[in-house]
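A quick write-up on the structure given underneath.
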Amino acid sequence: MDEKLVAQVDGLVEKYTELLLGEATEERKEKVRLWILYTYISKQMPPLVKHWNESYPDAKENMKELVYEIKALNEAHNNEDK
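Adding 23 to a residue's 1-based position in the sequence shown gives its number in this note's numbering.
Structural data, given as structure tokens:
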């Protein structure tokens with residue numbers, strides 16, 4: 024894979040994470056990457072995600088926790104800007 028493209032997309036995710044959550048640590052970037060991927064797939068192929076959720080209920084719960092965590096961090100970031 025083109026290393027330049029990988030670096031540029033990483034920069035995009037870093038900036039998105041910073042704007043979304045206020046800080047772009049490596050851990051937060053990885054969480055946002057997972058959230059982006061899961062959200063995109065769930066909108067593009069809902070049956071696939073439904074099947075995945077049924078096959079891996081523990082992963083589904085972990086993903087729900089991740090979504091709630093990102094939502095809470097985003098709300099906290101938005102409230103500190105006010």
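Glycine residues also receive a C-beta, built at the ideal position from the N, C-alpha and C atoms.
query, result
"Are there 16 or more other CB atoms within 10 angstroms of the CB of VAL29, so buried, or fewer, so exposed?", "exposed"
"So, helix, strand or coil for ASP25, using DSSP?", "coil"
"Quick one: is LEU71 buried, meaning 16 or more other Cβ sit within 10 Å of its Cβ, or exposed?", "exposed"
"Note the first and the last residue of the continuous alpha helix (DSSP H) segment covering MET86.", "80-103"
"Check whether the region 70-84 touches the region 25-42, counting contact only when three or more Cβ pairs, one atom from each stretch, lie closer than 8 Å.", "no"
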